[in-house]
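Residues 0 to 124 (numbering that gives the first Met the number 0) make up the sequence shown, in order. The beta-carbon is built from N, C-alpha and C at its ideal position, and this holds for glycine as well. Note that the structure is predicted; figures quoted are calculated from it, not measured.
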Amino acid sequence: MQEETARSAIDTFISAFNASDDSYVTALLSQALTSDVVFWGPLGRSEGIEAVERFVLDIRRHPAGTGTMVRCSAVDMPDEWARYQWVFTTPDGGPRLMGTDVVHLRRSLIDQIIVFAGQIEPSAS
Numbered sequence: 000m001q002e003e004t005a006r007s008a009i010d011t012f013i014s015a016f017n018a019s020d021d022s023y024v025t026a027l028l029s030q031a032l033t034s035d036v037v038f039w040g041p042l043g044r045s046e047g048i049e050a051v052e053r054f055v056l057d058i059r060r061h062p063a064g065t066g067t068m069v070r071c072s073a074v075d076m077p078d079e080w081a082r083y084q085w086v087f088t089t090p091d092g093g094p095r096l097m098g099t100d101v102v103h104l105r106r107s108l109i110d111q112i113i114v115f116a117g118q119i120e121p122s123a124s
């Protein structure tokens, strides 16, 4: 049951990267994250949905074009932390960013996110 709750929150979080319009990003994040979420990203620690929204919008505005973020692994939740792998691919086989996120849930919402991003590399043809 815990893994299902984590998977739902994670998939909603990922859907913010793939929203049809930037105006939907905040609403999707609000469904997945606590308002005081702590975000540990590539540039350090920040807090709040607005900080995560900035990160998501930066990824969505990748210079190679709007891309797609997908979860590419099952959600593993050995204790109160869940982890999963993801991949972000830009159009026309453009750069690709891969990583693993570790999230902590409180009341069925993500209250901490740790992003471990991998290399940007061209996708295999």
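Query - Runs of beta strand (DSSP E) wholly within the stretch 16–90 (minimum 3 residues, chain order) - result: 32–40, 43–46, 67–70 and 80–88
Query - Contact set for ARG106: own chain, Cβ-Cβ below 8 Å, skip 5 residues either direction - result: THR33
Report task. Could you give the DSSP three-state label for ALA6: helix, strand or coil? Result -> Inspection of the sequence shows that residue 6 is occupied by Arg rather than by Ala. Three-state result, ARG6: helix.
Report task. Classify GLU52 as buried or exposed, calling it buried when 16 or more other Cβ atoms lie within 10 Å of its own Cβ. Result -> buried
Query - Sequence-distant residues of the same chain with beta carbon closer than 6 Å to MET76, five excluded per side - result: GLN1, GLU2 and ALA5
Query raised in the report: Can you give the Cα-Cα distance for ASP110 and GLN30, rounded to whole angstroms?
Result: 12 Å
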